[in-house]
Each structure stands twice: as structure tokens, then as C-alpha cells.
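Presented below is the structure to which this report refers.
In the numbering used here, the protein residues as written are 1390 to 1673.
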């Protein structure tokens, strides 16, 4: 019996079509899966934002003539309290001054920019006394420079060492005064440390801004009852950071824990105002 070659070919055509359709379907399924977990689109966006921020921070500069008066720092290196406060003003144009016994931090935020490539240059710093002026300018990307096409918010954080608090005025190169906010931390207890066990006599060390340097230290029990108070004198009065390092002896407490607090009495009404406090444990 003869088998027709045409018949065999006709029978194979449907099989070939089915095979092709299956191949297309499988390929389509793989395409529809999208990026793998390690290639999420949002991850790529976040990475781009981080890279833009790093590039911007590395571009910020200070004029050579004032590098001995201040420095540019990264957010990760500043005090946690300053970092949290600065975050309240993310992407809000202005100057934000955080004055602390350890250092003064100033964050300058520029307005929104359409692309990357922008940076901040600190041109000048004047005024050694209470009133201090910082001048800056925005540096635009050079013509033809390859930059990110994402929206950016140029900013810079300055660290300024200082023995006293001051009033900072931030100006643009056109002498326009930048709107600003400030936060002042009036005291810092360096010793004893937070949750440290203490016994008599206890060392009290730190810095404070107080009228004529006069302040008080209090020892409190676990119910915030004052069990001892002593008036002390820092080595300088406001607006300077007055330093102190002394020992006090307190009566035996009835609780196992409590706190040590420093503060001052207001000159006008004589009201006590607490400035800093640490929790402690009584070792006796």
C-alpha cells in the first residue's frame, strides 16, 4: 500500500503550528513575570536617588580662605538630635541652625532643581562675636555635562567649632538673607553617663550657658523628688559655653535609681528651669 507524501505533509502542518504556539506562550509567560526580586523598579529608583545625593554632597565646597573656620560634614557623622531636627525640614528651602555644646551644625537647603549636577559653594564667613554671617552660592552644572535627569534638592551641612552661641545670618551671593530657623541646646552633662551607677562623691562634669555661669545641680529619686541640691559655678557665663568639673556629696537615697539634673534659676522671677538630665543608679 502506498502512502501519499502530500498526506504526510498535511498531517505535520497542524503539529508544527501547535509547537510554535506553545513556544510563543512559554516565552510570553517569562516576559510577563517582569523583573526578579533583586531587580525591583523601586530599588533602582532608590539607588539612583542615593547616588544623586552622594554625588551632590561630594560636589559641595568651601572657599580655601575659610576652611580653618568650618567644614562640610555628612549627615551620618552629626549628632542624632541634630539629624532628627534637620529631617523635619527635608526639601524645605532655608537655613537651619543647631547649636550644641559640642559644635554648631548648619544645614542649608536650596530649592528644587530640575536635574542633578547642582552643588553649594560656601563663599565667606565673617563675624567672630555674637553676629555671624555665612555667604553661599549655587553652582550649576556645566554646559554639556552629563547629569542625572531626576529632580534634586541641593543641600549642605556645615560644622562650626565655637566656644559660644551666636546669631547666624545666611546670605546668598546677591546678599539676599535666607530664611532660617534655629535650635539651641543650653547644657550638656558629660558625667555621670546615662544609667551609670554612682556613689559618693559623684563627679559632675559638662557645659552650660547660664547667666554669669551660675547654675544648680540636683539629685532626684525614682519619683522625681529632690533629695539634694547644690549651687555651682561654671568657668564662664552666657553667651559662652561655661565648663564645669567638680564633685558633690549627696545624702543616702531611699530608692535604687534616680536622676541627676542641671539647671538654673531665671534672673527675673527666680524660677528654676531644668537644662539637662541623666538617669542614674545608686550604688550605695
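Even glycine gets a Cβ: it sits at the ideal position worked out from N, Cα and C.
Just so it is clear, the structure is predicted and the values come from calculations on it, not from any experiment.
Residue environment, residue 1416, which counts as buried when at least 16 other CB atoms sit within 10 Å: Locating residue 1416 in the chain shown gives position 27, counting from the first residue. Model confidence at residue 1416 stands at a pLDDT of 44, short of 50, so the residue's coordinates are unreliable; what they give is reported in the following sentence. That one is exposed.
As assigned by DSSP and simplified to three states, the class of residue 1577: As a working note, residue 1577 is residue 188 in the chain shown. Reduced to three states, the DSSP call for residue 1577 is strand.
CB contact flag (residue 1641, residue 1542, <8 Å): Residue numbering aside, residue 1641 sits at position 252 when the chain shown is read from its first letter. Residue numbering aside, residue 1542 sits at position 153 when the chain shown is read from its first letter. No.
Residues bridged to residue 1668 (per DSSP): Here residue 1668 refers to the residue found at position 279 of the chain shown. DSSP output for residue 1668 lists 1648 as bridge partner(s).
Close-in-space but distant-in-sequence residues of the same chain around residue 1613 (CB under 8 Å, 5 per side omitted): The count along the chain shown starts at 1 and reaches residue 1613 at position 224. So the qualifying residues of the chain are 1648.
Distance, residue 1576 Cα to residue 1644 Cα: The residue you call residue 1644 lines up with position 255 of the chain shown. The residue you call residue 1576 lines up with position 187 of the chain shown. Taking the straight line joining both Cα atoms gives about 26 Å.
Integer-rounded CB distance, given that residue 1602 should sit under 8 Å from residue 1651: For the purposes of this step, residue 1651 is identified with residue 262 of the chain shown, where counting begins at 1. For the purposes of this step, residue 1602 is identified with residue 213 of the chain shown, where counting begins at 1. About 12 Å; that fails the 8 Å criterion.
Closest by C-alpha distance to residue 1553, when choosing among 1506, 1489, 1656 and 1566: Locating residue 1553 in the chain shown gives position 164, counting from the first residue. Checking every option, the nearest Cα to that of residue 1553 belongs to 1489.
Residue from 1562, 1565 and 1669 whose Cα sits closest to the Cα of residue 1607: Counting from 1 along the chain shown, the entry for residue 1607 is found at position 218. Looking at the Cα atoms, 1669 is the closest of the given residues.
Beta-carbon proximity check, residue 1502 vs residue 1485, cutoff 8 Å: By one-based count along the chain shown, residue 1502 stands at place 113. By one-based count along the chain shown, residue 1485 stands at place 96. No; because the gap between Cβ atoms is not below 8 Å, this pair is not in contact.
Burial state of residue 1638, where buried means 16 or more other Cβ atoms lie within 10 Å: The count along the chain shown starts at 1 and reaches residue 1638 at position 249. It is exposed - the Cβ of residue 1638 has fewer than 16 other Cβ atoms within 10 Å.
As assigned by DSSP and simplified to three states, the class of residue 1570: Locating residue 1570 in the chain shown gives position 181, counting from the first residue. Strand, per DSSP.
Segments of 3+ residues assigned as beta strand (DSSP E) that fall wholly inside the stretch 1543-1567: 1544-1549 and 1556-1561
Residue span of the alpha helix (DSSP H) that contains residue 1470, given as start and end: Residue mapping note: residue 1470 aligns to position 81 of the chain shown, counting from 1. Taken as a continuous stretch (DSSP letters only), the alpha helix (DSSP H) holding residue 1470 covers 1469-1476.
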